[in-house]
Each structure stands twice: as structure tokens, then as C-alpha cells.
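Visitor: Numbering (this note's numbering), first residue to last: 83 to 404. Take a look at this one; I'll ask things after.
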């Protein structure tokens, strides 16, 4: 941070402003929009193609916004104006929206009926089911296998495709795509060395990933998402830590002894990237990153939101742009 003059800007910038203070005049350009690269690192682990985050407000960021932001290359921060269970559910929904390898796979037993398989596909909105017994993959049954089956009472083992093409856990996206093309299949089970089902790759998810190359994704191709937490709610932070890529400390004024101390304790309990704030002074920024060693990014600005009236009502505010 020091080499970019970050602290110097906070303490002695000749101009400090918020977004509404600027009007950008158009001018002649020599580049096309497609040639512009706005990518940056939000944290050491999270790269954004679009340097924008959506606010953790209950009128702004829930599942749809978080999914949309990640698909466009930004990041959504899920609000915390709800129960712990509801916020975790939102985070899980974002993670399941798209992925290279689906981990929580809907499966069916070989002795289930064709009618049961058809209803399960309909209710879950999916087109195929791995057939599993005692954790091991026996086959795969698709909508095509059951749609016109003459006997609804027939067992899945009678209509499934046996010994389907499978891959190991280390398969790459290119390898999966090539196998699907070679065998003309749309679903590729992921198994371990003993044939136990680990996950599922679908052609639809691969197509979605390739159609949005700038989207914000984690190592397994799942969309990234962040969530807001109180520095005093360690239980919520722990629950969210399993699902989110970043936790955002959600307080208006971070430069508070109790807040800083609580955040330092919370940071020891989670592994997600930690974003702390809001800060508006050099002193606050220094304390944030020295006393919370796990902090990977800062929220800068107090009362600078488009609908925030804190500055007008109380006279207390700090700008965002230095």
C-alpha cells in the first residue's frame, strides 16, 4: 500500500470527493470499449474484471443481484438484515447458481421407479440423475430415458445408462468439454478411485462459464460472493465462512475501540478474505491494517452513499476518492 501513496493520500490529498462531485466530459478516444481493461484485485485472492461491489443493503443485494454482479465481473455483498439461516441460504444459492463441478448432486437409487425419477427431475428442474448405491456410481438416468417409458413402475436400474463416462477430481474444463464432445454427452460424473460419486459436470454450466469469461469465479468455477457481518456476531461469520469468499465488516464507523477489538477476534475464526471498514482517515486505516492483521481490503468513506444523509444531518462524513 505504501508504494502507491495510500496513507499519504488519506492525510494530505489536495482534493477529496465523492462520486456525485464529478461530471465527466466526453472526449476523443483511440481505443474501443472492448479494448479497455478495468480489472483489479479486491484482495490478494479475489480478482475483479469489473471493479464494482454492490452494497449490503436489503433493498440492493440478495441472490439475484449477487449472481448478476459476479457474472458481470464484480462482486455482490449480501446484506445481514435477516436471520443467520436466511443469509447462509442466500450465499448457498449464489454458489449453486453456476459451477464447473456441482458438489451437492441430486441422485437417485437404482430401485426407485421411473415415475419417481421423472418427478424428481421435474421438481428439481434438472434433466438427469446419477444413479447411486452406497455412495458408488452405478449409472446415469436422463429425462430422455424416462419421458416415454411404457411402464412407470419399472426400476431405474432397468433404463439407466450403465458404466457412464466419468472423470477424476482433477479434471480441467478443457478436458471435460472434449470428453463431452467425443462421447456426445451432456453430463459427466466426477468419481474417486473407488467409484464414489464426488460431483457432476454439465454441458450447460460449461457453456455458461465460457459465455461469460470475465465473471468472478473461484477455483471450482463457482461464482464468488461476499457477505456483510457485524464484528460482534462470530456465530454468523463462522456459518457464512463455509460459503462466501469474503466477509465484509458492516459498521458505519470502524474507528472504534470495541469494533476494532471485536474484528480482530472474529478474524481468527474465519478463513474468508476479510474486508474492514468503514474508514475515512489515515489514522483509522493504519489501525485497521495493523490491529487486524487478516484484513485484506478497506471500505473507505463515511456517509458518501447516494441516498445517505449522515453528512447532511450530523455534519460527520468522510469522502471516498482521494
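A virtual CB, placed ideally from N, CA and C, is assigned to each residue, including glycine.
Please return the same chain residues whose Cβ sits closer than 7 Å to the Cβ of residue 354, not counting the five positions on each side in sequence.
Guide: Only 323, 326, 327, 328 and 329 meet the Cβ criterion.
Visitor: Output the distance between the C-alpha atoms of residue 233 and residue 211, rounded to the nearest integer angstrom.
Guide: Rounded to the nearest angstrom, the two C-alpha atoms are 19 Å apart.
Visitor: Using only the alpha-carbon positions, how far apart do residue 195 and residue 241 sit?
Guide: Approximately 10 Å, taken between the alpha carbons.
Visitor: When DSSP builds the beta bridges, which residues end up paired with residue 207?
Guide: Note: residue 207 sits in no beta bridge, so no partner.
Visitor: Go through the stretch 127-165 residue by residue and report every complete run of the alpha helix (DSSP H) that reaches 4 residues or more, in order.
Guide: Taking only runs of at least 4 residues, the alpha helix (DSSP H) segments lying wholly in the stretch 127-165 are 145-154.
Visitor: How far does the alpha helix (DSSP H) with residue 221 in it extend, from its first residue to its last?
Guide: Taken as a continuous stretch (DSSP letters only), residue 221 belongs to no alpha helix (DSSP H), being part of the beta strand (DSSP E) at 218-224.
Visitor: Beta carbon of residue 359, beta carbon of residue 336: below 8 Å?
Guide: In this structure, residue 336 lies closer than 8 Å to residue 359 by Cβ.
Visitor: Would you call the stretch 305-314 and the stretch 186-193 touching, i.e. three or more CB-CB distances under 8 Å?
Guide: Too few Cβ pairs lie closer than 8 Å, so no.
Visitor: If we ignore side chains and look at the alpha-carbon of each, how far apart do residue 101 and residue 387 end up?
Guide: So the two alpha carbons sit approximately 9 Å from each other.
Visitor: Is the number of C-beta pairs between the stretch 271-289 and the stretch 244-261 that are closer than 8 Å three or more?
Guide: Yes: at least three Cβ pairs fall under 8 Å.
Visitor: Considering only residues of the same chain and omitting the five flanking positions on each side of residue 416, which have a CB-CB separation below 8 Å?
Guide: Absent from the structure is residue 416, since the part of the chain shown begins at 83 and ends at 404.
Visitor: Report back the beta-carbon spacing between residue 171 and residue 151 to the nearest angstrom; my notes put them in contact at under 8 Å.
Guide: With 8 Å as the limit, residue 171 and residue 151 do not qualify as a contact, their Cβ atoms being about 18 Å apart.
Visitor: For residue 355, name the three-state secondary structure that DSSP assigns.
Guide: Residue 355 falls in the strand class under three-state DSSP.
Visitor: Helix or strand or just coil, what does DSSP make of residue 112?
Guide: Looking at residue 112 - three-state DSSP - the assignment turns out to be coil, as it is neither helix nor strand.
Visitor: For residue 228 versus residue 206, is the C-beta spacing smaller than 8 Å?
Guide: No, they are not a contact pair.
Visitor: Mind checking residue 466: buried by the 16 CB within 10 Å criterion, or exposed?
Guide: It is not possible to answer for residue 466, since the shown part of the chain is limited to 83 through 404.
Visitor: Look at the Cβ atom of residue 373, then the Cβ atom of residue 342, and state whether they are nearer than 8 Å.
Guide: Yes, Cβ-Cβ distance for residue 373 and residue 342 is below 8 Å.
Visitor: What is the residue span of the beta strand (DSSP E) that residue 281 lies within?
Guide: Start and end: 279-284.
Visitor: Fully enclosed by the stretch 254-315, which beta strand (DSSP E) runs are 3 residues long or longer?
Guide: List check, beta strand (DSSP E) in window: 269-273, 279-284 and 308-311.
Visitor: So, at 6 Å on beta carbons, what are the nonlocal neighbours of residue 83 in its own chain, with the 5 sequence-adjacent residues on each side left out?
Guide: For residue 83, the predicted structure reports a pLDDT of 44, less than 50, and the residue's modelled location is therefore unreliable. The matter cannot be settled from this model.
Visitor: Residue 244 bridges to which residues according to DSSP?
Guide: Paired residues: 221.
Visitor: Given residue 267, which residues of its chain have a CB within under 7 Å of its CB, disregarding the five upstream and five downstream residues?
Guide: Taken in chain order, the residues that qualify are 247.
Visitor: Measuring only the C-alpha atoms, how far is residue 85 from residue 385?
Guide: Reliability of the predicted coordinates at residue 85 is poor, the pLDDT of 46 falling under 50, and the value obtained from them is presented with this limitation in mind. Cα-Cα distance, rounded: 28 Å.
Visitor: For the stretch 286-303 against the stretch 141-149, do three or more pairs of beta-carbon atoms, one drawn from each stretch, fall closer than 8 Å, so that the two count as touching?
Guide: Counting Cβ pairs under 8 Å, fewer than three are found: no touch.
Visitor: At which residue ranges does the stretch 162-188 contain complete alpha helix (DSSP H) runs of 4 or more residues, listed in the order of the chain?
Guide: Entirely contained in the stretch 162-188, the alpha helix (DSSP H) runs reaching 4 residues are, in chain order, 166-179.
Visitor: Please return the same chain residues whose Cβ sits closer than 7 Å to the Cβ of residue 302, not counting the five positions on each side in sequence.
Guide: Contacts found: 181, 182 and 183.
Visitor: Across which residues does DSSP place residue 195 in a beta bridge pair?
Guide: Paired residues: 237.
Visitor: Does the beta-carbon distance from residue 158 to residue 147 come in below 8 Å?
Guide: Yes.
Visitor: Would you mind listing the beta strand (DSSP E) stretches within the stretch 373-397 that are 3+ residues and don't spill past its ends, in chain order?
Guide: Taking only runs of at least 3 residues, the beta strand (DSSP E) segments lying wholly in the stretch 373-397 are 377-382.
Visitor: Write down the C-beta distance between residue 319 and residue 351 rounded to the nearest angstrom, noting that I regard them as a contact closer than 8 Å.
Guide: Residue 319 to residue 351, Cβ: 6 Å. Contact.
Visitor: In whole angstroms, what is the alpha-carbon distance linking residue 89 and residue 367?
Guide: Approximately 8 Å between the Cα atoms of the pair.
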